[in-house]
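Please read the structure below before turning to the comments.
2 protein chains.
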Amino acid sequence: MVLGLTIGEVAELASVSVRTLHHYDELGLLVPSLRTEAGYRVYDDADLATLQQVLFFKELGFGLAEIARIMHDPHFDRLEALHMQHRMLVDKSTQMALMAEAVDAAIDATEGGVRMDAEDMFEAFGEFDPKEYEEEAEERWGNTDAYKESARRTKRYTKEDWIEVRKETEAVNEALASLLDAGVPADDPRAMDQAEQHRVNIDKRFYPVSREMHVGLAEMYIADPRFAANYEKVHAGLAQYMHDAILANAARKK
Amino acid sequence: MVLGLTIGEVAELASVSVRTLHHYDELGLLVPSLRTEAGYRVYDDADLATLQQVLFFKELGFGLAEIARIMHDPHFDRLEALHMQHRMLVDKSTQMALMAEAVDAAIDATEGGVRMDAEDMFEAFGEFDPKEYEEEAEERWGNTDAYKESARRTKRYTKEDWIEVRKETEAVNEALASLLDAGVPADDPRAMDQAEQHRVNIDKRFYPVSREMHVGLAEMYIADPRFAANYEKVHAGLAQYMHDAILANAARKK
DNA sequence: GTAAACCCTGACGTTACGTCAGGGTCAAGA
DNA sequence: TCTTGACCCTGACGTAACGTCAGGGTTTAC
């Protein structure tokens, strides 16, 4: 078995149970990249990177459905998430330290036979809330309603749903990459159709995307190097091509 | 309402839900000291101190049944628990900081296009385990089997069970305090009977306590000022009296 | 070939609440 | 005094995230 790691190996490595990994597979949260003929799950490097990020989110108090949504988001960026997670972990570490101080205060109060103020007793609790960091993500998208709608829709997505989401996304990317290769202008109907499909995919799967909003996303794809990197990974020049096709598509519809 | 705080006030103060507090009451984990004629729960200062400690344990990953067992343990000492919790919180804070560093490493690896070693990826997970601290408590009692048996038995204790446990403990303490007041020698049958009842209570409710072991506990009650303080709180001189009665009882049975 | 360790799917159970139903209580304002 | 909104109660079903077990297949070393 040199293709990757078995489920037992991953479970031990990551200090989680086999059942947990089964569960994540069922949810479509972490689907192993390979299955042997015998049906064994095989996890590769990308799977491990996904698991690491899942575990960071989990440690920070996110629910699994929430984690699935974040990581399947068409705008999900691993680096961006890692930066956010770093900030959250630092904050949580600080909260733990503050809680330790609260224990110290409780010790002093008990030893001194002093009554501790009720608000001081519980001050350290409730300080850390993952939701605050999500609100930061809302600001990034500039659309609170879109964010909420996305959460509402994906809350019950199954493994099959997520697999479908991925397929749709990749299909558009591949089609556009092919058109780019074939020298098709970005305002050609074929390219614009794919841009429209891109819009419809998000609109159907996550939240309403108007043409105006789609243009906003397109600007973001080339303005933000992290998003650009996502598309460049698929094919060189794709970010710009995608952007141009989206703008052309938006103009076409008027 | 000046007798204490209502459930809503406590819930807000402690950043927990009313349902959570209902649940803790059902479990016997935190039973409010008072109920109004209308059936309203009223929480006093001691209740708040209990809740604080429950929340510390909860934050540290203990299950509720586990927390109930620890806090109902006849040898439970608030100060000792606070010291342990302080240590655990400091350790957990450290782990969060280490995890933040692991995120940094993942960021560097991703930006540098470098493959991260699988073991390094998950090193920060699994480092913090409440069970390690429980093993410390085992060493204190010097009896691993007793500890495990105690956990096994109390796992399913209900609110009524815990209330009964408390009654039994207090009954013995009060009876001995009365005998002490009446000038009854510690080796009088009446005192010894209470010592025996004390042994039986623990034997029946928590784990097997032989006469030899009971003597060991008695030595601990006067040797360790924290335990002594527990009995002195009930009645001055009770720790020594309890010790003497236990020794006399152990000698009687031979 | 054998046995132990590992894997699979399926399914019920556990833990810690979240949510809701239906109704009683408290306190302020009209 | 009556009204109303906020708060409280018990009861009970549902959810999230697995834990545990059953029954059986697969892999690997002896």
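Keeping their order, the protein sequence lines are chains A and B. Sequential numbering from -10 applies to the first sequence in our numbering. Sequential numbering from -10 applies to the second sequence in our numbering. Glycine residues also receive a C-beta, built at the ideal position from the N, C-alpha and C atoms. Predicted, not measured: the structure shown is a model, and the values here were computed from it.
For the alpha helix (DSSP H) that residue i lies in, which residues bound it at each end?
| i | result |
| --- | --- |
| ALA234/A | 227 to 241 |
| HIS72/B | 67 to 100 |
| PHE46/B | 34 to 48 |
| ALA244/A | An answer regarding residue 244/A cannot be provided, because it is not within the stretch -10 to 243 covered by chain A. |
| GLU55/B | 53 to 61 |
| TYR29/B | Here TYR29/B belongs to no alpha helix (DSSP H), and DSSP marks it neither H nor E. |
| HIS12/B | 7 to 16 |
| ASP118/B | Note, ASP118/B: premise wrong, no alpha helix (DSSP H); not H, not E. |
| GLU1/B | -4 to 3 |
| ALA107/A | 107 to 111 |
| ALA175/B | Where ALA175/B is concerned, there is no enclosing alpha helix (DSSP H), given that its DSSP letter is neither H nor E. |
| GLY205/B | 200 to 212 |
In whole angstroms, give me the CA-to-CA distance for residue i and residue j.
| i | j | result |
| --- | --- | --- |
| ILE191/B | GLU208/B | 16 Å |
| TYR220/A | ILE211/A | 10 Å |
| ARG142/B | PHE195/B | 6 Å |
| ASP182/B | VAL5/B | 44 Å |
| ALA0/B | LEU53/B | 17 Å |
| HIS72/B | LYS156/B | 27 Å |
| GLN84/B | SER139/B | 30 Å |
| LEU168/A | VAL223/A | 13 Å |
| HIS75/B | ILE152/A | 45 Å |
| TYR29/B | LEU18/B | 18 Å |
| ASP150/A | ALA180/A | 26 Å |
| GLU159/B | MET77/A | 46 Å |
| GLU100/A | VAL204/B | 28 Å |
| ASP34/B | GLN186/B | 31 Å |
| TYR146/A | ALA135/A | 17 Å |
| VAL43/A | ALA164/B | 57 Å |
| GLU55/A | LYS144/A | 7 Å |
| LEU59/A | LYS148/A | Going by the sequence as given, residue 59/A is Ile instead of Leu. Approximately 14 Å between the Cα atoms of the pair. |
| HIS232/A | ALA217/A | 10 Å |
Hey, is residue i's beta-carbon within less than 8 Å of any beta-carbon in chain A?
| i | result |
| --- | --- |
| ARG8/B | no |
| ALA95/B | yes |
| SER22/B | no |
| ARG30/B | no |
| LYS120/B | no |
| MET60/B | no |
| GLU48/B | yes |
| GLU221/B | no |
| HIS187/B | no |
| GLU89/B | The question names Glu, but residue 89/B is Ala in the sequence shown. Chain A, which has a Cβ nearer than 8 Å to the Cβ of ALA89/B, makes this yes. |
| LEU68/B | yes |
| GLY52/B | no |
| PHE114/B | yes |
| THR99/B | yes |
| VAL103/B | no |
| ALA180/B | no |
When you compare the CB of residue i with every CB in chain B, is at least one pair closer than 8 Å?
| i | result |
| --- | --- |
| ALA217/A | no |
| ASP34/A | yes |
| LEU78/A | yes |
| PHE45/A | yes |
| VAL92/A | yes |
| PHE65/A | no |
| MET85/A | yes |
Compute the distance between the beta-carbons of residue i and residue j, then report whether it is under 8 Å.
| i | j | result |
| --- | --- | --- |
| PHE65/A | PRO119/A | no |
| GLN41/A | PHE111/B | yes |
| ARG200/A | LEU68/A | no |
| LYS81/A | LEU49/A | yes |
| GLY(-7)/A | LEU16/A | no |
| VAL92/A | PHE46/B | no |
| ASP176/A | ALA239/A | no |
| ALA184/A | ALA234/A | yes |
| ALA166/B | LEU87/B | no |
| THR39/B | VAL31/B | no |
| VAL161/A | HIS61/A | no |
| VAL79/A | ALA89/B | yes |
| MET105/A | ALA113/A | no |
Here's the rule: buried if 16 or more other CB atoms are within 10 angstroms of the residue's CB, otherwise exposed. What is residue i?
| i | result |
| --- | --- |
| ARG188/B | buried |
| HIS11/B | exposed |
| ALA3/B | buried |
| ARG8/B | exposed |
| VAL103/A | exposed |
| PRO178/B | exposed |
| PRO21/A | buried |
| ALA107/A | buried |
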